[in-house]
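Numbering (the numbering used here), first residue to last: 9 to 211.
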């Protein structure tokens, strides 16, 4: 299920009835779809450049991915076209009152995933999405940092393959690493993305 905000043509029109589907809080690791023939038993850690494997991660562990990336207009628009997202707000600078193109949330997810390579280089495949929130808007010129938390671990039937349940948080530099929500339960300023997913890693 994906929840999106859409601008209403008529701001005075009543909202439709809210429908909340009953969903599991997390994808059961036994239900993860594994590619046929997946086998990490001969995995070459030297090719990834990082030695960390399934057993090296502990539930509750947090990882600061250290690196940063500044979002650029052209690369964002190119990537958004490749993902076949044609929403005008991502391309037309006159579509918003502030004259800024809104960075597509999928691009923020992609950048956070790329940054997470530093610390999670052997998290080879995303096997399931549990939840996610685009917490605040992102614009060209914004710099993104990321950190992850290990939420859970599970073994899989595939040879040499384990699954890590990870939360990746993308944020601007003004939000400190590992800072997420305030005492009021709301996301802190500077947090952009909170994504909960399963990734497959070698044992």
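Glycine residues also receive a C-beta, built at the ideal position from the N, C-alpha and C atoms.
Asked: Residue closest to residue 78, alpha-carbon to alpha-carbon, out of 185, 180, 206; Found: 180
Asked: Where residue 233 sits in the DSSP three-state scheme; Found: Residue 233 lies beyond the residue range present for the chain, which begins at 9 and ends at 211; the question has no answer from this structure.
Asked: Span separating the alpha-carbon of residue 109 from that of residue 119; Found: 17 angstroms
Asked: Three-pair Cβ contact test at 8 angstroms for the segment 159-168 versus the segment 87-99; Found: no
Asked: Continuous alpha helix (DSSP H) stretch holding residue 88: start and end; Found: 81-90
Asked: Distance between beta carbons of residue 203 and residue 171, contact taken as under 8 angstroms; Found: Rounded, the Cβ-Cβ distance is 16 angstroms, inconsistent with contact.
Asked: Exposure of residue 50, with buried meaning 16 or more beta-carbon neighbours within 10 Å; Found: exposed
Asked: Among 52, 140, 63, nearest to residue 178 - alpha-carbon criterion; Found: 140
Asked: Contacts around residue 46, its chain only, beta-carbon distance under 7 angstroms, and the 5 residues preceding and following it disregarded; Found: 166, 169
Asked: Segments assigned beta strand (DSSP E), at least 3 residues, entirely inside the segment 148-206; Found: 151-163, 169-179
Asked: Neighbour-count burial assignment, residue 156, 16 or more Cβ in a 10 Å radius; Found: buried
Asked: Reference residue 206; option with closest CA among 176, 17, 198; Found: 176
Asked: Extent of the continuous alpha helix (DSSP H) run through residue 115; Found: 113-123
Asked: Residues near residue 151 by beta carbon distance below 8 angstroms, same chain, minus five either side; Found: 76, 77, 78, 79, 180, 181
Asked: CB contact check: residue 210 to chain B, cutoff 7 angstroms; Found: Absent from the structure: chain B. Only one protein chain is present.
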